[in-house]
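Numbered per our numbering, the sequence shown spans residues 251 to 964.
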Amino acid sequence: MRTGEPLPAVGEVLTALATGLWHWDTATELVTVDAEAARLLGLPAERATLTEAQARARLHPVDWNEIISVVGLAVAEDTLAEVRIRIMDERGHVIRTVRSRSKPSYDADKKSFRLIGTLQEVTEPTPGTPAGRTAVTGDWRRSREAFLLDAGRALAEARSTAEVLRVAAGLSMPGFSPDGLAVFGVEGDRLTIIGHHGQQPGDESPFSHMSLETDYPAAEVVRTGRAVYLSSPEAYRSRYPVTWPLAQRFDRQSWAFLPLTVAGRTMGAWMAGFAYPVAFTPDERSVLTTVARMLAQALSRAGLAESERELTDGLQRSMLPTLGPEIPGMTVAARYVPTGGGLQVGGDWYDMLPLPGGTSRTKPGEGRFALVIGDVQGHDVRAAGLMGQLRIALRAYAAEGHRPDAVLSRASRFLNGMAYGVDDPSDMRFATCLYVEADPVTGVLEVARAGHPDPAIRMTDGTVLARRTQGGLPLGIDPDADYPTTRITLEPGETLMLCTDGLIETGGHDFETGWKRIRTILESHDGDLEELADALIQAVHGPSSHHTTGPLADRREDDIAVLLLHRQEEGGDPAAVPPTVRRTMLSVAQAEPERVAVARQQLRELLHDWPSADQVDSAVLLLSETLTNVLVHTDADALLLAEVRGETGERRMRIEVTDTSDDLPHKRRPGELASSGRGLMLIELLADTWGVDPQGEGKSIWFELYESSGGGDE
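Pasting the structure below:
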């Protein structure tokens, strides 16, 4: 062609370049191709109009789906749609690969695409060679996007540095994959190795604690904040001759060193080594740079989380006490598990305090002691700080020799006083607490409760009772609150459990369903005290707890604190309580008639395995009568003692109500309209045996029912 002559027609140019022209309108579902495009599609070399189905039959099905996604992306980005397409013959064999380039447009009214593009045959490059990655095809672009999404998701979910390194080692990049990775950190003016993959243990030694001034790619990256790409050993040797011998023994062909930058600060470097030559095209560099940024963010998050966990765990553990020396005749076990989220720090605590006085002055370690368990409102650093201060205050009040009620009253006043000067009312906190003063010689426990869950006792035969105790408001709410004391006797062989509400309600349970779960563990466990503590924690905090949820959908978790006290059996002592005895005691004051209902519930729990429901109902009815008789006809308080003795099938229940009044009851003959006077008549009718025993001061009314006379339920 000479200068000045007219340019040849576009069709002639395309034919000379073996390039076909095609037009596709999705509204009409027709594809128009010229002769060259028809030839490339395996059709006769002549202009033709094809239906979408005819055109689709000539394309590999995977590539057809690729065309649809690439076209949509090109319309959204207003760019060219470029994709490689495999052409199939009638027998389904690939006859050639063509490259399609088109400019799509979208008709919003018709909701259709219109494309005009070209087809040109290409030669498939050898995988792994630079030629195979010089052009951005639709396949490569989609693979890159999918890879970056997956990599970002995996790195975001990593919670520790070790997890981040495992994710980084498992990344499979589209079109090229490194066989060796290393993550460098910085300490002062030296490089450190945070982790590596693809090398043998010990191979990192020459690179660890290397000065940042060393002529080494990672050191240069940290100094300058700019990436270094080395596409061949010759490039590495000529640019870094000093450290080339260190890298030569790994027998790699290409290297990429990228900065790990967070908030404008270079925190380290990432090395990716390849066993084959890599050209590091702009698109490959883009992928590596994006991965390096995500890796830097993930390492920064993981490092911060690990520091927080170490700090908060150390803070929490330092506030929790050791259980101290062994107590003759008693065993203590405790567990604390922080909440699974946030800072993993909260306001739950437990404590064991030696008390002044008693036998401890003559026999250290055998005197009275106190068990304390509590929960400050919240799961943050402020809750943990208040917990530490409140715990110190409780220890101080107990060391002064105050009784349980006085200890909690002073602690409530102390916590309420800390609220003064707080501007935000939401920062005011309260705390629940259970304070138990124990005498290891007699087993007597004096309990004061401030809004905390009641204690539970596991008897020698496995029966579990939730011991209802008197209580007051949580600490810190009312500085003048009172905390009455309840006396409980822990018999030999029995175990006392104190816990926070996290043990009961973790896993979506409410208080009722959570207590049933804990009660099942306590009743069925067969092991020592430490094993029982582990079983309680595993039952509610292990994976299985999330498959046996309660009726609530709330998945809120809480801290867990458990304190167990076991009174050892007195071996060889004939006066010791035999393991076939089950016993409970409860006091009912004149001003507390509502505790009659508590007594009825305690008796039903005590008789949970009694075979005759009629006898249980009779016992509960007679108990109500005897307690009510004391409250109505005397000015004294009542003390309930209920026992079950004997072997199964021949057991005997005995219920005894004692008061300090000397007025003995007597049977009467009430008229039809009388409102009282039938109590002893009911006892005589329903009980197997009964009696009234005068005492030095007061009297006791008792009755017994025999299991053998119940006959069981029909």
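Even glycine gets a Cβ: it sits at the ideal position worked out from N, Cα and C.
- Per DSSP, Ser950 is one residue of the beta strand (DSSP E) stretching across Lys949 to Tyr956.
- Here Val344 is bridged, per DSSP, to Met338.
- Pairwise C-beta distances place the region 753-768 in contact with the region 778-789, as three or more of them are shorter than 8 Å.
- By the neighbour-count criterion, in which a residue is buried when 16 or more other Cβ atoms sit within 10 angstroms of its Cβ, Pro742 is buried.
- Rounded to whole angstroms, the gap between the alpha carbons of Leu813 and Met637 is 17 Å.
- Separation of Ala285 and Ile366 (C-alpha to C-alpha, rounded to the nearest whole angstrom) is 15 Å.
- Of the candidates Val320, Ala277, Tyr526 and Ala268, Ala268 places its Cα closest to the Cα of Ala295.
- Here Thr531 carries a coil assignment [DSSP, helix/strand/coil].
- Beta-carbon to beta-carbon, Trp860 and Arg904 are separated by about 13 Å, too far to satisfy the 8 Å threshold.
- Taken through DSSP and simplified to helix, strand or coil, Lys360 comes out as coil.
- The C-alpha of Glu819 lies about 15 Å from the C-alpha of Ile707.
- Excluding sequence positions up to five before and after Gly445, its CB lies within less than 6 Å of the CB of Leu415 and Val433, all in the same chain and listed in chain order.
- Separation of Arg717 and Ala408 (C-alpha to C-alpha, rounded to the nearest whole angstrom) is 45 Å.
- As summarised for the region 290-324, the continuous beta strand (DSSP E) elements at least 3 residues long and confined to that stretch are 298-301, given in chain order.
- For Ala513, no beta strand (DSSP E) run applies, since DSSP gives it neither H nor E.
- Beta-bridge partners assigned by DSSP to Thr908: Leu889 and Ser950.
- Beta bridge pairing from DSSP links Thr278 with no other residue.
- Residue pairing by DSSP places Phe524 opposite Ser504 in a beta bridge.
- Counting the other Cβ atoms within 10 Å of the Cβ of His343 gives fewer than 16, which makes it exposed.
- Glu556 has its alpha-carbon roughly 55 Å from the corresponding atom of Pro843.
- For the 8 Å CB-CB criterion, Val478 and Pro467 form a contact.
- Across the structure, Arg854 and His652 are spaced so that their CA atoms are roughly 35 Å apart.
- If you look at Phe761, you'll find it isn't in any beta strand (DSSP E); it sits in the alpha helix (DSSP H) that goes Phe761 to Ser774.
- Here Ser959 has Asp938 as same chain residues with Cβ atoms under 7 Å from its own Cβ, once five neighbours each way along the sequence are excluded.
- Out of Leu398, Arg289 and Asp275, the CA that lies nearest to the CA of Glu534 is found in Leu398.
- For Asp751, the enclosing alpha helix (DSSP H) covers residues Asp751 to Glu755.
- Residue nearest to Leu740 within the set Met544, Ala648, Thr834 and Gly553 is Thr834 (criterion: CA-CA distance).
- Met747 is a Cβ neighbour of Pro705, given a cutoff of 8 Å.
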